[in-house]
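Worksheet: the structure to be examined is printed underneath.
Residue numbers (my numbering), protein chains in the order written: chain L, 1 to 83; chain H, 84 to 287; chain X, 288 to 565.
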């Protein structure tokens, strides 16, 4: 089990993007939280087995058709914040 | 809409076999484990959409033929061969429907069931046949009784179960009276062929 | 405004098998004729002559205005290689799905059992994928996989190294370890002709260092592999290649597939693609 912070950048203004990410977390059985920084940047905190966090990156990097994910930077963190 | 749809005769689905079936227009993978348990699942691997009815059964699990993802009886993924160290999460699972066997017939229900499939007494499984046409049991001289269409084929008393299929096709699962002799069964089997030709000829 | 789909090059015939009667076929849903005329091959559609050329054993045509020259395979001109025209396999699938499957190694133990892969050697290690901006191509490198019989010229099991390259939306080129010639790569390509969005003809072609294996064996080996793939390709749902993976579960082993789909999405190449998850 590990926790990571994804900094997702691209053309992310579509309102479908955050719900899509939340749905994909659920599909992988991962715990996580999303926060929109701007139309071009979304933060995702995610916790789970490393192979599934990799899978989350795979899914999000393609994402819904209305969004374009340019890059995903990943950082190890100690865990998800409470709440 | 009846709760249960007949999809196959049990003897056409031996252990370790998987086959495609269709219920209410929904494609399913029907399979039987080594120990004989029957399951009917959505015919689509959650990984990349390959039909699971092309997969393979090992022990009590069904695996997708494309990348070998294997799923336990509950539908839950239990192994991803490309990532052998990963314990798949409960969230990765194939939608599972109800499947059961009664009187040598396999029945499937897509949704919650409130009744048991009809128990057909006094008959033995004969064969299943797919018709490239709709089937009107009444015009074939059959009458409904006890959850099946009853009548005679080739002089033998039979019970016929109708499984509607897409594109105006259907499958008939035919059972013959228990006391029918091998000679009777051959005659009944010929009767099924005649029935098929008539049904397909009428709609052509 | 140019249409990125019409402005690509597509294979429409094998030069060595184009008889005097020519070939009537389809491209992007429209009838196309490939024919000899005064010793040259011309490609016509709807009364117009399409830009065409002969390269890598095939006739290539562009339904629109070529956006760029046909991709380069330098190995095709390297002395000592045998060039193998495998011929065509028709597949009832999206042309993009045919390419995606060609980029996949994780299916080898299950689809090409005891040829390109075998259990328990199923793990897919990490490899690198990049879009090479200067040439606008997808490249996967440092791909390693255990193979019981990697090629006709391979005697036993070996760990094979691969590189995959997508230089055009319906073309993939595979470079793989060449057992008789360490340091060189065998080249195996998949040229896909999109007949329509859910039907294609696939033209595998090879440039190999292998002087010993009879040509028919080389062709049969590749045809066997591709017929095994066809049973997969004709049974995937949805029929078109999803550019939204919301109904799928890609993992790191699918990295090349994801990179290919991202590249199609960014280029607006949607012929044979499924835009919304279904």
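By construction, the Cβ of each residue, glycine as well, lies at the ideal position given by its N, Cα and C atoms.
Which stretch, first to last residue, makes up the beta strand (DSSP E) that contains residue 121 of chain H?
-> Judged by DSSP secondary structure, residue 121 of chain H falls within the beta strand (DSSP E) whose first and last residues are 121-125.
Around the Cβ of residue 6 of chain L, are there at least 16 other Cβ atoms within 10 angstroms (buried) or fewer (exposed)?
-> In the assembly as shown, residue 6 of chain L is a buried residue. Its beta-carbon has 16 or more other beta-carbons within 10 Å.
Kindly list the residues whose CB is nearer than 8 Å to the CB of residue 507 of chain X, restricted to its own chain and excluding five residues on each side of it in sequence; keep chain order.
-> Within its own chain, no residue has a Cβ closer than 8 Å to the Cβ of residue 507 of chain X once the five positions on either side in sequence are excluded.
For residue 523 of chain X, which option in H/282, H/209, H/101, H/134 has the closest C-alpha, if you only look at C-alpha atoms?
-> Relative to residue 523 of chain X, the option among H/282, H/209, H/101, H/134 whose CA is nearest is H/134.
Determine the DSSP secondary structure at residue 451 of chain X, reduced to helix, strand or coil.
-> In the structure shown, residue 451 of chain X sits in a strand (DSSP, three-state: E or B).
Taking just the CA atoms, how far does residue 131 of chain H sit from residue 395 of chain X?
-> One C-alpha to the other measures close to 15 Å.
Using DSSP with H/G/I as helix, E/B as strand and the rest coil, what is residue 510 of chain X?
-> Helix.
Reduced DSSP category for residue 286 of chain H - H, G, I as helix; E, B as strand; rest coil | Annotation note: pLDDT 49 at residue 286 of chain H (below 50); position unreliable, coordinate value reported separately. Residue 286 of chain H falls in the helix class under three-state DSSP.
Do the segment 91-101 of chain H and the segment 184-198 of chain H meet, that is, are 3 or more Cβ pairs less than 8 Å apart?
-> In short, these stretches touch, since the Cβ pair count reaches three.
With 8 Å as the C-beta to C-beta threshold (strictly closer), list the residues of the segment 49-70 of chain L near chain H in chain order.
-> Within the segment 49-70 of chain L, 49, 51, 52 place their CB atoms closer than 8 Å to a CB of chain H, listed in sequence order.
Residues near residue 303 of chain X by beta carbon distance below 6 Å, same chain, minus five either side | Cβ within range, chain order: 372.
Answer yes or no: do residue 234 of chain X and residue 544 of chain X have a C-beta to C-beta separation smaller than 7 Å?
-> Any property of residue 234 of chain X remains undetermined from this structure, which presents chain X solely from 288 to 565.
Along chain L, in chain order, which residues have C-beta atoms closer than 8 Å to that of residue 175 of chain H?
-> Correct list: 27, 28, 29.
What does a CB cutoff of less than 8 Å around residue 288 of chain X pick up in its chain, not counting 5 residues either side in sequence?
-> Any reading at residue 288 of chain X is ruled out, since the residue's pLDDT is 49, under 50, leaving its predicted position unreliable.
Residue-chain proximity (residue 167 of chain H, chain L), Cβ-Cβ < 7 Å = Using a Cβ-Cβ cut-off of 7 Å, residue 167 of chain H does not count as an interface residue toward chain L, since no Cβ of chain L sits closer than that to its own.
Alpha carbon to alpha carbon, how far is residue 221 of chain H from residue 149 of chain H?
-> Distance between the alpha carbons of residue 221 of chain H and residue 149 of chain H is about 45 Å.
What distance in whole Å lies between the Cβ atoms of residue 211 of chain H and residue 256 of chain H, which are believed to be in contact at a cut-off of 8 Å?
-> Yes, they are in contact, since the Cβ atoms of residue 256 of chain H and residue 211 of chain H sit about 5 Å apart, within 8 Å.
Identify, in the order they occur along the chain, each residue of the same chain with its Cβ nearer than 7 Å to the Cβ of residue 357 of chain X, setting aside the five sequence neighbours on each side.
-> 296, 340, 342, 347.
If the cut is a Cβ gap below 7 Å, which residues of chain H does residue 393 of chain X touch?
-> In chain order: 150, 165.
Residue 10 of chain L and residue 69 of chain L closer than 7 Å at C-beta = Yes, they are a contact pair.
Could you give the residue range of the beta strand (DSSP E) that holds residue 21 of chain L?
-> Annotation for residue 21 of chain L: no beta strand (DSSP E) segment contains it, though the alpha helix (DSSP H) segment containing it runs 17-27.
Would you report the Cα separation of residue 407 of chain X and residue 514 of chain X, rounded to the nearest angstrom?
-> Looking at the two C-alpha atoms, the distance is approximately 23 Å.
Just the Cα atoms here: how many angstroms apart are residue 250 of chain H and residue 420 of chain X?
-> Rounded to whole angstroms, residue 250 of chain H to residue 420 of chain X spans 48 Å at the Cα level.
Range of the contiguous beta strand (DSSP E) that encloses residue 75 of chain L = Element bounds for residue 75 of chain L: 68-77.
Counting only runs that start and end within the segment 302-334 of chain X, where is the beta strand (DSSP E) found for 3 or more residues in a row?
-> Runs found: 310-314, 317-324, 327-332.
Whether residue 298 of chain X touches residue 480 of chain X by CB criterion (7 Å) = The Cβ-Cβ distance between residue 298 of chain X and residue 480 of chain X falls below 7 Å.
Look up residue 570 of chain X in the DSSP assignment and say whether it is helix, strand or coil.
-> Only positions 288 to 565 of chain X appear in the structure, and residue 570 of chain X is not among them; the question remains open.
Residues that residue 127 of chain H contacts on chain X, provided the C-beta gap is smaller than 7 Å = Those within 7 Å of residue 127 of chain H in chain X are 524.
contact_flag[the segment 154-171 of chain H, the segment 95-111 of chain H] where n(CB pairs < 8 Å) is 3 or more | Verdict: no, contact absent.
Answer with buried or exposed for residue 57 of chain L, where buried requires no fewer than 16 other C-beta atoms within 10 angstroms of its C-beta.
-> The C-beta of residue 57 of chain L has 16 or more other C-beta atoms within 10 Å across all chains shown, which makes the residue buried.
Can you find a C-beta in chain L that's less than 7 Å from the C-beta of residue 172 of chain H?
-> Among the residues facing chain L, residue 172 of chain H is included, as its CB has a counterpart in that chain under 7 Å away.
Specify, as a first and last residue, the run of the alpha helix (DSSP H) that residue 87 of chain L falls within.
-> Because chain L spans 1 through 83 in this model, residue 87 of chain L falls outside it and cannot be assessed.
Thinking residue 12 of chain L and residue 67 of chain L are a contact (beta carbons under 8 Å), I'd like their distance in whole angstroms, please.
-> The Cβ separation is near 5 Å, so the contact holds.
Figure out for me which residue from X/494, X/489, X/500 has the closest Cα to the Cα of residue 512 of chain X.
-> For the options X/494, X/489, X/500, the alpha carbon positioned closest to that of residue 512 of chain X is the one of X/489.
Using a Cβ-Cβ cut-off of 7 Å, state whether residue 540 of chain X counts as contacting chain H.
-> Yes, its Cβ sits closer than 7 Å to a Cβ of chain H.
Pull up the distance between the alpha-carbon of residue 367 of chain X and that of residue 109 of chain H, whole angstroms please.
-> Their backbone Cα atoms lie some 54 Å apart in a straight line.
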